[in-house]
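Participant: Going by our numbering, the sequence shown opens with residue 34, and the numbers climb by one from there.
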Amino acid sequence: MELMTLPNLERKIIISGGQNFDKKYPESFRYFNEEQLADFGREYLNQTSVYRSDKPYFIDKLPPNFERVGLIHKILPNAIIIDARRHPMACGFSIYKQHFAGGHEYSYNLENIGYYYNSYLGVMDHFNDALNDRIFLMQYEENVRDTETMTRQLLDYIELDFEQACLEFYKNKRAVRTASSEQVRQPIYTKSISAWKKYERNLEPLKRTLGTKTLKRFDTA
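1) Distance, Cα to Cα, Lys45 vs Tyr232?
2) With H, G and I counted as helix, E and B as strand and the rest as coil, what does DSSP make of Ala112?
3) Could you check what DSSP says for Gln172 in three-state terms: helix, strand or coil?
4) Pull up the distance between the alpha-carbon of Asp93 and that of Pro238, whole angstroms please.
5) Could you tell me whether the region 130-141 touches the region 75-88, where touching means 3 or more Cβ pairs closer than 8 Å?
6) Just the C-alpha distance for Pro97 and Leu36, rounded to the nearest angstrom, thanks.
7) Would Leu109 be called buried (16 or more neighbouring beta carbons within 10 Å of its own) or exposed?
8) Can you name the residues that DSSP bridges to Ala117?
9) On the three-state DSSP scale, how would you describe Thr38?
10) Just curious, the alpha helix (DSSP H) that Gly136 is in, first and last residue?
11) Are the beta-carbon atoms of Thr242 and Tyr149 separated by less than 7 Å?
12) Between the C-alpha atoms of Trp229 and Leu236, what's the straight-line distance to the nearest angstrom?
13) Taking 7 Å as the cut-off, decide whether the C-beta atoms of Ile146 and Gly125 are in contact.
14) If you follow the alpha helix (DSSP H) that Asn79 is part of, which residue opens it and which one closes it?
15) Have a look at Asn79, Gly103 and Thr81 and flag the residue whose alpha-carbon is nearest the alpha-carbon of Ile168.
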């Protein structure tokens with residue numbers, strides 16, 4: 034599910050920090066003690082309890098949550114963070130052709146998408162180093178080409194058993210609220226991996242903004 038619980042809680046923390054400390058968020062975050070951090074974590078769990086069942090894990094896949102990896106780690110130290118990453122040109126093209134209801138103003142400009150993607154990489158690189166590789170990287174292209182292998186690797190990481198239903202997710206009839214709602218109703222396909230190349234000339238502002246350094250990281254994707 035893509036929930037606004039974490040962004041809303043973050044706003045509450047920012048207001049609380051601004052009232053109590055002469056520092057701006059996230060600098061003010063260091064002044065909260067362990068009990069206060071635990072309280073924030075419990076508040077998140079309480080607010081999301083309506084969406085959770087008796088299963089061992091609960092997934093909150095709001096895309097901008099990458100901006101809050103530090104917050105997540107502090108208030109939910111047992112949380113497992115999965116970085117679902119895609120080739121920046123393919124990702125940028127997908128974002129650009131998706132009309133969002135609101136809250137993603139950067140998505141209407143190719144250069145802004147490039148800046149946003151580079152910022153995302155910078156944040157994730159930092160926390161991969163800071164958290165000693167506690168973040169699981171799920172590369173989109175690898176997952177599409179060999180779904181079962183990548184699924185098994187992920188399940189091993191979170192200590193869950195493999196089930197055939199993991200590969201037949203499209204048979205699940207539950208309601209889905211996400212920009213990719215149509216895709217999750219069909220089996221995984223590979224045609225979207227290089228779909229952006231057909232429009233490469235038109236995507237030049239995105240390519241230029243991403244830069245050679247970023248694009249070289251995905252030469253094999």
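For glycine and all other residues, C-beta sits at the position ideal for the given N, C-alpha and C.
Computed from a predicted model, the values in this text were never measured in an experiment.
Facilitator: According to the structure shown:
1) 42 Å
2) coil
3) strand
4) 32 Å
5) No, because fewer than three Cβ pairs between the region 130-141 and the region 75-88 fall closer than 8 Å, the two stretches do not touch.
6) 10 Å
7) buried
8) Met171
9) helix
10) In this chain, Gly136 is not harboured by any alpha helix (DSSP H), its DSSP state being neither H nor E.
11) For Thr242 and Tyr149, no; Cβs fall outside 7 Å.
12) 8 Å
13) yes
14) Glu67 to Gln80
15) Gly103
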